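Numbering (full-length UniProt numbering), first residue to last: 1 to 123.
Glycine included, C-beta positions come from ideal geometry on N, C-alpha and C.
Quick caveat, the model's predicted, so the values are computed rather than measured.
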Amino acid sequence: MRSWLICLCVLTVVVTCHSQAPNRYENFNADAIIQNDRILLAYYKCVMDKGPCTRDGKNFKRVLPETLATACGRCNPKQKTIVRKLLLGIRSKSEPRFLELLDKYNPDRSNRDALYAFLVTGN
């Protein structure tokens with residue numbers, strides 16, 4: 001359970017950072033975040049409104065709805081790679097938590113098929 005929370009937090013951080021600031025998170029280390037349970041849990045709590053947020057956490061939370069709704073449509077290729085890696089990491093840890101995140105930030109499920117296609121193909 002803890003691992004999926006960490007993955008979910010990482011996903012949130014990556015998705016948010018990459019869709020809002022094209023260059024700010026270019027060198028974001030998704031693997032390091034996925035492997036750090038404490039950091040991942042903190043980001044998860046932030047984006048799910050279950051804990052405090054850092055500045056980055058607030059930014060991620062702000063752009064996450066658009067990122068999920070557009071299947072990372074505004075992301076550059078490097079950002080897409082990072083976002084995809086994080087989303088797949090979270091999904092592999094816990095499908096129910098992954099869906100909970102999607103439902104929170106894209107409740108009308110707009111463009112959900114495109115998001116899943118993005119996860120499969122990276123495009």
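Do residue i and residue j have their CB atoms nearer than 8 angstroms?
i, j, result
"Lys61", "Cys53", "yes"
"Ala69", "Asn123", "no"
"Arg84", "Leu119", "yes"
In the structure shown, what three-state DSSP assignment does residue i receive?
i, result
"Pro107", "coil"
"Gly89", "helix"
"Phe98", "helix"
"Phe28", "coil"
"Cys53", "coil"
"Asn59", "helix"
"residue 124", "Residue 124 is absent from the model: the chain starts at 1 and stops at 123."
"Cys75", "coil"
"Ala21", "Caution applies to Ala21, whose pLDDT of 48 falls short of 50 and renders its modelled position unreliable; the value that the coordinates give is listed next. Correct three-state label for Ala21: coil."
Within its chain, find whatever has a CB closer than 6 angstroms to the CB of residue i; leave out the 5 residues flanking it on each side and keep chain order.
i, result
"Arg91", "Phe98"
"Ser110", "Ala69"
"Lys45", "Gly51"
Apart from the five residues just before and just after residue i, which ones in its own chain have a Cβ nearer than 8 angstroms to its Cβ?
i, result
"Pro65", "Tyr105 and Asn106"
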